[in-house]
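Numbering (UniProt numbering), first residue to last: 1 to 514. Glycine residues also receive a C-beta, built at the ideal position from the N, C-alpha and C atoms. A short worksheet on the structure shown next.
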């Protein structure tokens, strides 16, 4: 029989101040500290004696079959490539700190303990009793708005209302969706806050949720619900790709490719008339608000470039729709036109029979002009900065085309001109706002680093790739490629010697094998 513990003194702070570890002035219904700090005051209803028991102290009746059971060790082996280790949830590190804004501290600290209380029963009960209430929907929308504030660019023509509507519709679908939304927001908040101390904990939660979603996909569900679970699986897998080592992330990307294809083939709106179903219509994905699919294509093409390996799927680069102001473009600073060109260069490098002629790509990059007035932004500096991002993409892709497709050595004047201009342009993209926001520039810095010949250039690249604060939201873990560049610079490229693409590939395969 479990020994009863005497409860501590009843709290008096509002829930927001409690989570922020701040002294509350206890003004009701909204405390003055929250009002002055522009925080959402979540009130005092949590200060009751009965709130802590109820669902938390009720053990699971069927934990073995719960859809929220921990992820099997088999999946962890696939992701990390390490020997299987038994996960005893009762001895796990308590996943509390990064979810503290979501009021999961009490849930996890009580449910992950030696008393045998099931984490899954606690969290699922929490979402049943709390997440269905109106404050949860308001909270999720508020956090979504907060995350948008971390975008380096804030276009005024972005259809935020449409995005919010899709969020609300998803929250109304099921308790399962609300549960994974709860975890998702907590992890995203940690990402944008740059909290790298909790990476292993994030991986634990991503494993946990990913396993739950994977098991849901094995059940018979309505087509719409199955489609949502596929999207969830892609989303959480790609989030994990931002946490784990890049070589493991590449294998993870391979693992979710079948789900990506199933999602594509089950949505006829993403396919133009007379489609070639052997190739994925990239422009249609980028023009849609299906962020997970667009995220997959961006990660796929970026991994292909950085690792020198084929893309997971064959893309149709034909432009069927005019690109609009989509969340994917602003969240990752990835201009749609240049993402399409990146996939074309990757295909050309791999000598695909469907590859476009490299001279045609070169001509398009040389003749490219920014479209004036295409986007309007909240602040004037963003217009200039967006042009700088586009120009840095143009220069990086041009250098990549020359060295990887044409096998031109890095000392060629065309490549060196690109390198010099890339490093000049990216320096104009300063940290902005109270959050000191940084633009996402992984491809630009990696290409510049591969082709750099002077110590000054190499130091700029190395310092940037090793800066956790500046690279925290990049698609790949930038620091993983520093040993690759060091191997290249101190080997074939020592003393500024010229290199070819095969030299970079040798360094990558040596220091970052897949």
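- Looking from the CA of residue 143, the closest CA among 184, 220 and 233 belongs to 184.
- In this structure the stretch 435-445 lies against the stretch 386-401, because at least three pairs of beta carbons, one per stretch, are closer than 8 Å.
- In the DSSP assignment, residue 401 falls outside any alpha helix (DSSP H), carrying neither H nor E.
- Contact between the stretch 244-263 and the stretch 293-307 is established, with three or more Cβ pairs separated by less than 8 Å.
- The stretch 263-280 and the stretch 361-373 do not touch, with fewer than 3 CB-CB distances between them shorter than 8 Å.
- Here residue 377 carries a strand assignment [DSSP, helix/strand/coil].
- With respect to the C-alpha of residue 342, the residue from 383, 299 and 375 having the closest C-alpha is 299.
- Counting only runs of 4 or more residues that sit fully inside the stretch 275-340, the alpha helix (DSSP H) segments are 282-287, 291-307 and 327-331, in chain order.
- One alpha carbon belongs to residue 171, the other to residue 12, and they sit about 31 Å apart.
- A distance below 8 Å between beta-carbons, with the five flanking residues on each side excluded, links residue 493 to the following residues of its chain, in chain order: 410, 453, 499 and 503.
- Secondary structure at residue 437: strand, using DSSP grouped into helix, strand and coil.
- One thing to note: residue 354 has its Cβ within 8 Å of the Cβ of residue 314.
- Spatial neighbours of residue 155 in its own chain (CB-CB distance under 7 Å, excluding positions within 5 residues in sequence) are listed in chain order as 325, 330, 375, 376 and 377.
- In the DSSP assignment, residue 365 falls within the unbroken alpha helix (DSSP H) covering 358-367.
- Per DSSP, the beta-bridge partners of residue 432 are 437.
- Each residue's CA atom was taken as its position, placing residue 438 and residue 294 some 21 Å apart.
- In this structure, the alpha-carbon of residue 135 lies about 32 Å from that of residue 333.
- Counting along the chain, residue 225 sits inside the alpha helix (DSSP H) bounded by residues 223-241.
- Relative to the Cα of residue 511, the nearest Cα in the group 491, 27, 408 and 318 belongs to 491.
- Listed as beta-bridge partners of residue 155 by DSSP are 377.
- In terms of Cβ geometry, residue 213 and residue 181 do not form a close pair [threshold 8 Å].
- If you ignore the 5 residues before and after residue 25, its C-beta comes within less than 7 Å of the C-beta of 31, 32 and 33, all in its own chain and listed in chain order.
- Here residue 480 carries a helix assignment [DSSP, helix/strand/coil].
- Residues 330 and 331 of the same chain have their beta carbon placed closer than 7 Å to that of residue 151, with the five preceding and five following residues left out of the count.
- Judged by DSSP in its simplified three-state form, residue 472 adopts coil rather than helix or strand.
- Using a Cβ distance threshold of 8 Å, residue 259 and residue 230 count as a contacting pair.
- Here residue 401 is buried: its Cβ has 16 or more other Cβ atoms, across all protein chains shown, within 10 Å.
- Straight-line measurement puts the Cα of residue 179 at about 12 Å from the Cα of residue 137.
- Of all alpha-carbon atoms in 458, 286, 290 and 261, the one lying nearest the alpha-carbon of residue 278 is that of 261.
- Taking a 10 Å sphere around the C-beta of residue 413, we find fewer than 16 other C-beta atoms and assign the residue as exposed.
- Looking at 484, 346, 495 and 236, the one whose alpha-carbon comes closest to that of residue 505 is 484.
- In this structure, DSSP gives residue 24 a state outside helix and strand, which the three-state scheme calls coil.
- Straight across, the Cα-Cα distance linking residue 403 with residue 392 is about 17 Å.
- Residue state for residue 207 is assigned as helix, using DSSP reduced to three classes.
- Shortest Cα-Cα distance from residue 356 to any of 316, 287 and 303 involves 316.
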